[in-house]
Amino acid sequence: MKKSVKMLVALVIIVVVGIGGFAMHQHKEKEKMIAIATSKEAKKVYEDKFRRDDPKALTKDGIIRSYKVDEDSLDYNPMGGLMVNVILNEDASSIVGFNLIDNEDGTYFSAYYTESPNYYKLFPEGDE
Numbered sequence: 002m003k004k005s006v007k008m009l010v011a012l013v014i015i016v017v018v019g020i021g022g023f024a025m026h027q028h029k030e031k032e033k034m035i036a037i038a039t040s041k042e043a044k045k046v047y048e049d050k051f052r053r054d055d056p057k058a059l060t061k062d063g064i065i066r067s068y069k070v071d072e073d074s075l076d077y078n079p080m081g082g083l084m085v086n087v088i089l090n091e092d093a094s095s096i097v098g099f100n101l102i103d104n105e106d107g108t109y110f111s112a113y114y115t116e117s118p119n120y121y122k123l124f125p126e127g128d129e
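This is the structure in structure tokens:
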């Protein structure tokens, strides 16, 4: 009986340590994704896109006045890159999606952009 209790306790400890290690790994990966998505280099990619669509972006006269990285949306693309959703003007329905790819020189580019339907509603017809 004593031997089986020790085995059970050892098994429980192994499972708990394994789950804790996995959770720690997930947490570190999430922190890494947040660091990339909020980096100065990534912000340059976002802002370049916004200024192409709205030359006055991120000014008081611009259609796009502010943006925020949606940290809950971060995920790695199985084909490569980090998928990032950016919320515009504090409106969760106005989103631009980026697929950040590392240029291997400390800079990033986006392989593609996705825009929510409400993104297009921000622009008067023909201005985009």
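What the sequence shown shows, in our numbering, is residues 2 to 129, in sequence order.
In this text, a Cβ means the ideal position worked out from N, Cα and C, and glycines have one as well.
### Query
Looking at the structure shown, is E42 part of a helix, part of a strand, or coil, going by DSSP?
Assigned with DSSP and collapsed to three states, E42 falls in helix.
### Message
Is L9 close to the ligand NAP? I mean its beta-carbon at under 7 angstroms from any heavy atom of the ligand.
### Response
What this structure holds is no ligand at all, so the ligand NAP is not there to describe.
### G82 to P125 span [Cα, whole Å]
If I take the Cα positions, the gap works out to 32 angstroms.
### Query
In three-state terms, what does DSSP make of M8?
Reduced to three states, the DSSP call for M8 is helix.
### Query
Mapping DSSP to helix, strand and coil, what is E48?
Of the three classes helix, strand and coil, the one that applies to E48 here is helix, per DSSP.
### Task
Check each candidate in N119, R52, N104 and name the one with the smallest Cα separation from I88.
Each of N119, R52, N104 was checked against the Cα of I88, and the nearest Cα belongs to N119.
### Message
Check this for me: beta carbons of S111 and S95, under 8 angstroms apart or not?
### Response
Remark: C-beta atoms of S111 and S95 do not approach each other more closely than 8 angstroms.
### Task
Quick one: grab the DSSP three-state call for A58.
It is coil, neither helix nor strand.
### Task
Answer yes or no: do Y77 and Y47 have a C-beta to C-beta separation smaller than 8 angstroms?
No, these two residues do not count as a Cβ contact at 8 angstroms.
### Query
Among M25, L12, I64, M8, which has the Cα closest to the Cα of Y121?
For the residues M25, L12, I64, M8, the minimum Cα distance to Y121 belongs to I64.
### Query
In terms of alpha-carbon separation, which member of T60, K7, K44, M8 lies closest to F99?
Closest in C-alpha terms to F99, from the list T60, K7, K44, M8, comes K44.
### Query
Apart from the five residues on each side of it in sequence, which residues of its chain come closer than 8 angstroms, Cβ to Cβ, to V17?
Residues of the same chain with their beta carbon placed closer than 8 angstroms to that of V17 are lacking, with the five preceding and five following residues left out of the count.
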